[in-house]
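In order, the protein sequence lines correspond to chains A and B.
Position 112 of the first sequence, counting from 1, maps to 220 under this note's numbering, and the rest follow consecutively.
Position 195 of the second sequence, counting from 1, maps to 303 under this note's numbering, and the rest follow consecutively.
Encoded as structure tokens, the structure appears first; notes follow it.
There are 2 protein chains.
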Amino acid sequence: MDVKPLLAHIELELQKQVSRLDAPRIKPFHEMLTYHMGWTGEGAGPEATGKRIRPLMVLLCTASCGGSWQHALPAAAAVELVHNFSLVHDDIQDNSDKRRGRPTAWVKYGMPIAINVGDALFVLSNLAVIDLKQNYPAEMIVRAAEILHNTCLDLTRGQFLDMSYEGRIDLTLEDYWPMISGKTAALLSACCHIGSLLGGADESKQDAYRSFGHYLGLAFQVQDDILGIWGDEAVTGKSAANDLIEGKKSLPVLAGLGANGSFAARWRQGPIQVGEVQELARLLASEGGYEAAADAAKQMTDLALMSLREADPQGEAGEALFELADKLLKRNQ
Amino acid sequence: MDVKPLLAHIELELQKQVSRLDAPRIKPFHEMLTYHMGWTGEGAGPEATGKRIRPLMVLLCTASCGGSWQHALPAAAAVELVHNFSLVHDDIQDNSDKRRGRPTAWVKYGMPIAINVGDALFVLSNLAVIDLKQNYPAEMIVRAAEILHNTCLDLTRGQFLDMSYEGRIDLTLEDYWPMISGKTAALLSACCHIGSLLGGADESKQDAYRSFGHYLGLAFQVQDDILGIWGDEAVTGKSAANDLIEGKKSLPVLAGLGANGSFAARWRQGPIQVGEVQELARLLASEGGYEAAADAAKQMTDLALMSLREADPQGEAGEALFELADKLLKRNQ
């Protein structure tokens with residue numbers, strides 16, 4: 109299945125949703141949102157929009173359950189708007205100055221207004237869900253909204269854990285999964301759950317789709333953690349071992365801390381410097397950090413694919429879903 | 109009607125909604141929310157919770173349309189959670205260090221986590237609306253959610269206008285109403301609208317209730333503006349003319365700027381100092397700032413009461429609604 113038409117419609121739906129703020133007196137506010145979404149301003153274009161994987165998952169899940177992906181477009185926009193709301197606030201919280209190669213919203217507009225940009229994206233996601241009323245019964249909209257809101261609560265939980273881990277040196281692998289379940293897996297899980305719901309799947313099929321998204325999210329994150337330490341700089345486009353310098357509580361690092369060897373001893377002494385990252389990445393690998401992450405990635409990938417087979421997605425959309433999962437799980441960037 | 113039982117139930121419902129975050133690993137996060145809500149931590153108690161006027165309005169509107177206020181409790185919690193979400197983010201944006209006499213969330217927990225506290229309150233408000241499904245048909249929940257989400261979009265619009273006015277010296281009265289409609293009137297309007305919807309009112313009655321909330325909000329804000337410049341310090345509990353020092357774009361100030369006299373000339377020269385506020389407050393009054401605000405307050409009050417009479421609220425709840433409006437519109441603090 110060619111997903112290009114789906115991606116084009118996702119972009120149009122997103123623009124339609126965001127255009128609720130395209131009104132007199134607040135044009136500059138609307139422009140801030142279109143800048144963040146990657147449509148306007150310096151560096152606008154496909155590189156700046158991101159891959160729109162989450163909305164694509166919604167549509168493919170709907171279609172592979174036999175539903176109309178066109179009808180599910182507002183839900184696709186909703187999850188992408190939630191994702192972008194969290195990115196805008198994350199960037200403030202993490203003090204990040206670049207996002208997809210461009211200045212972040214808070215760098216460009218100041219922190220106070222960037223908080224408001226994030227809030228507006230969140231509100232727009234809520235309104236997008238309501239737009240489903242054109243094509244679905246009210247009960248289904250309430251259920252979709254409930255799934256999405258619970259997911260958003262998971263996001264705030266994961267974000268809290270992430271921030272609360274800062275500066276802590278007593279963390280182990282047990283602290284990893286609750287954080288990452290909220291920060292990464294919850295939204296992908298919601299995409300598949302809502303997509304299958306709108307596709308007309310029964311509860312047990314919805315569960316399978318939801319599990320697929322959940323494990324896909326976990327596998328994706330663990331892989332991201334591996335690439336962040338041992339990735340090929342030339343391929344990932346960012347300096348490898350960057351995550352070590354930033355002190356990111358990634359799975360390999362938490363495994364290394366749990367092993368309590370030389371890596372853990374060095375980590376606990378304070379921030380890692382640029383000059384020592386290569387040696388520390390090697391040390392972490394020799395103390396089981398790489399293996400733990402690779403094992404976890406494989407486990408989560410297996411669980412994701414098992415869930416997807418159980419979901420038994422149909423037709424071209426089903427094939428596209430397997431292809432997308434395969435691409436996400438085998439990426440090297 | 110004695111509103112005390114309603115207020116007690118509102119508090120219980122709010123605690124129930126916020127307890128969604130009372131879970132292992134995130135207890136400290138839950139505590140941050142209960143602190144902001146006024147239930148825990150230093151200075152906890154009735155003074156710290158605020159007056160819960162918005163949820164009370166929801167319940168009184170529902171009951172005065174003949175509905176069960178008990179059934180509407182989740183909606184009451186939802187509007188109060190929206191209000192508190194906006195307060196937490198406002199305090200960061202305005203750099204305010206005190207809220208209801210206590211340190212603000214960002215002062216206590218740091219800006220990054222306070223953003224997350226606000227986000228969580230927002231998510232909880234969304235989930236509270238879904239809880240209405242116990243007692244209302246799905247169509248009504250979708251409608252209530254739509255009203256609330258549109259109101260939240262108004263809040264972000266108003267907040268943007270407020271921030272974008274900063275440092276501008278070309279503002280006039282025309283710039284006042286769009287800002288204040290979003291920042292203050294939208295949520296009170298939504299309270300009355302949703303309350304009457306859940307009470308079973310037809311569309312034209314809902315419109316009357318909605319208008320009542322809208323004009324009540326505008327009247328309330330204009331009155332607040334007057335008290336912020338010419339209020340009795342001993343009664344309001346904050347130093348009068350404080351709004352002048354803070355450079356707040358209140359109605360009297362915008363009227364004064366529009367008059368383009370000595371007050372406007374001084375305003376445009378830069379921040380007002382403590383020593384000159386009394387003289388400037390007198391100057392502003394002599395150049396029509398007080399009269400413009402008093403006239404507007406009277407107009408909005410008349411429109412609010414006219415709308416309420418049109419809504420024709422019934423029974424004890426209806427009487428309580430007139431009393432509450434009267435109290436809000438005749439307050440001196």
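Yeah, the Cβ is synthetic: ideal placement off N, Cα and C, and Gly gets one too.
Model, not experiment: these values are computed from the prediction.
is_contact[Asp278 (chain B), chain A] using C-beta, thresh 8 Å: Contacts with chain A at 8 Å (Cβ-Cβ) do not include Asp278 (chain B).
Interface flag, Cys260 (chain A) vs chain B, CB-CB below 8 Å: Cβ-Cβ to chain B under 8 Å: yes for Cys260 (chain A).
Cutoff 8 Å: Pro379 (chain A) Cβ touching any chain B Cβ: Not closer than 8 Å to any Cβ of chain B, the Cβ of Pro379 (chain A) fails to qualify, so no.
Amino acids of chain A, ordered along the chain, whose beta-carbon sits closer than 7 Å to that of Glu254 (chain B): Chain A residues near Glu254 (chain B): Ile238.
Chain A contact residues for Arg265 (chain B), given Cβ-Cβ distances below 9 Å: Leu129, Ala131, Arg133, Ile134, Phe137 and Ala228, listed in chain order.
Residues that His301 (chain B) contacts on chain A, provided the C-beta gap is smaller than 9 Å: What His301 (chain B) touches in chain A: nothing, since even the nearest Cβ is about 15 Å away.
Exposure label - Asp351 (chain B); buried when at least 16 CB within 10 Å: Residue environment analysis places Asp351 (chain B) among the buried positions, since at least 16 neighbouring C-beta atoms fall within 10 angstroms of its C-beta.
Leu416 (chain B) vs Phe328 (chain B) beta-carbon contact at 8 Å: Not in contact: Leu416 (chain B) and Phe328 (chain B) (Cβ atoms no closer than 8 Å).
Those runs of the alpha helix (DSSP H) which lie wholly inside the segment 134-214 of chain A and span at least 4 residues: Secondary structure in the segment 134-214 of chain A: the alpha helix (DSSP H) runs of 4 residues or longer, each lying completely within the stretch, are 135-144, 154-157, 161-172 and 181-201 in chain order.
C-beta atoms of Phe230 (chain A) and Val190 (chain A) nearer than 8 Å: Judged by their CB atoms, Phe230 (chain A) and Val190 (chain A) are nearer to each other than the 8 Å cut-off.
Proximity to Gly209 (chain A) [Cα-Cα], best of A:Pro154, A:Val225 and A:Ser176: Nearest neighbour of Gly209 (chain A) by Cα position, chosen from A:Pro154, A:Val225 and A:Ser176, turns out to be A:Pro154.
Cα-Cα separation between Thr157 (chain A) and Leu279 (chain B), rounded to whole angstroms: Looking at the two C-alpha atoms, the distance is approximately 36 Å.
Contact set between Ser272 (chain A) and chain B, taken where Cβ atoms lie within less than 9 Å: Simply Arg133, Ile134, Pro136, Phe137 and Ile221.
Residue nearest to Leu305 (chain A) in terms of C-alpha spacing, selected from A:Val126, A:Leu167, A:Pro132 and A:Lys135: Residue nearest to Leu305 (chain A) within the set A:Val126, A:Leu167, A:Pro132 and A:Lys135 is A:Leu167 (criterion: CA-CA distance).
Closest by C-alpha distance to Val225 (chain B), when choosing among B:Asp315, B:Asn192, B:Gly303 and B:Met414: If we check each option's Cα against that of Val225 (chain B), B:Asn192 comes out closest.
Supposed close pair Cys299 (chain A), Val187 (chain A) - CB separation, criterion 8 Å: That pair is a contact at about 5 Å.
Under 8 Å by beta carbon: chain B residues contacting Asn224 (chain A): Contact of Asn224 (chain A) with chain B by beta-carbon distance below 8 Å involves His197, Gln201, Thr264, Gln267, Phe268 and Met271.
Sub-8 Å separation of Leu432 (chain B) and Leu164 (chain B) beta-carbons: Yes, Cβ-Cβ distance for Leu432 (chain B) and Leu164 (chain B) is below 8 Å.
First and last residue of the uninterrupted alpha helix (DSSP H) at Ala90 (chain A): Here chain A comprises residues numbered 109 to 441, so residue 90 (chain A) is not present and cannot be evaluated.
Assumed close pair Leu263 (chain A), Ser194 (chain A) - CB separation to whole angstroms, cut-off 8 Å: Correct: roughly 6 Å between the Cβ atoms.
Presumed contact (8 Å Cβ cut-off) between Lys291 (chain A) and Gln267 (chain A), rounded CB distance: Right, the Cβ-Cβ distance comes to about 6 Å (below 8 Å), so this counts as a contact.
Within chain B, partners of Glu247 (chain A) - CB distance below 7 Å: Ordered by position in chain B, the residues that pass the 7 Å Cβ test against Glu247 (chain A) are Ala246.
Chain A residues whose Cβ lies nearer than 8 Å to that of Asn234 (chain B): When 8 Å is used as the limit between beta carbons, Asn234 (chain B) is near these residues of chain A: Asn234, Ala253, His257 and Cys260, in chain order.
Minimum length 4: unbroken alpha helix (DSSP H) runs contained in the segment 276-330 of chain A: You should have 284-288 and 294-306.
Inter-stretch contact (C-beta, 8 Å, three-pair minimum) for the segment 246-254 of chain A and the segment 244-262 of chain B: With the cut-off at 8 Å, the segment 246-254 of chain A and the segment 244-262 of chain B touch.
Inter-residue spacing [alpha-carbon to alpha-carbon] between Gly68 (chain B) and Gly307 (chain B): Absent from the model: residue 68 (chain B). The displayed extent of chain B is 109 to 441, so no value can be given.
Backbone secondary structure at Arg376 (chain A) - three-state DSSP: Collapsing the DSSP output to three states places Arg376 (chain A) in coil.
Chain B contact residues for Lys241 (chain A), given Cβ-Cβ distances below 7 Å: For Lys241 (chain A), the chain B residues whose C-beta falls within less than 7 Å of its own C-beta are Val250, listed in chain order.
Under the three-state DSSP convention, the category Tyr217 (chain B) falls into: Here Tyr217 (chain B) sits in helix by DSSP.
Backbone secondary structure at Tyr398 (chain B) - three-state DSSP: In this structure, Tyr398 (chain B) counts as helix in the three-state DSSP scheme.
Pairwise C-alpha distance: Gly426 (chain A) and Asp420 (chain A): So the alpha carbons of these two residues sit roughly 8 Å apart.
Close beta carbons around Leu281 (chain B), own chain, < 6 Å, minus the five adjacent residues each side: Contacts found: Leu362, Ala363 and Gly366.
Through-space distance from Arg207 (chain A) to Ile118 (chain B), alpha-carbon basis: CA-to-CA, the gap between Ile118 (chain B) and Arg207 (chain A) works out to about 42 Å.
Nearest to Gly378 (chain B) (by Cα), restricted to the options B:Arg276, B:Ser297 and B:Lys406: The shortest C-alpha separation from Gly378 (chain B) is found at B:Arg276.
Where Asn350 (chain B) sits in the DSSP three-state scheme: In the structure shown, Asn350 (chain B) sits in a helix (DSSP, three-state: H, G or I).
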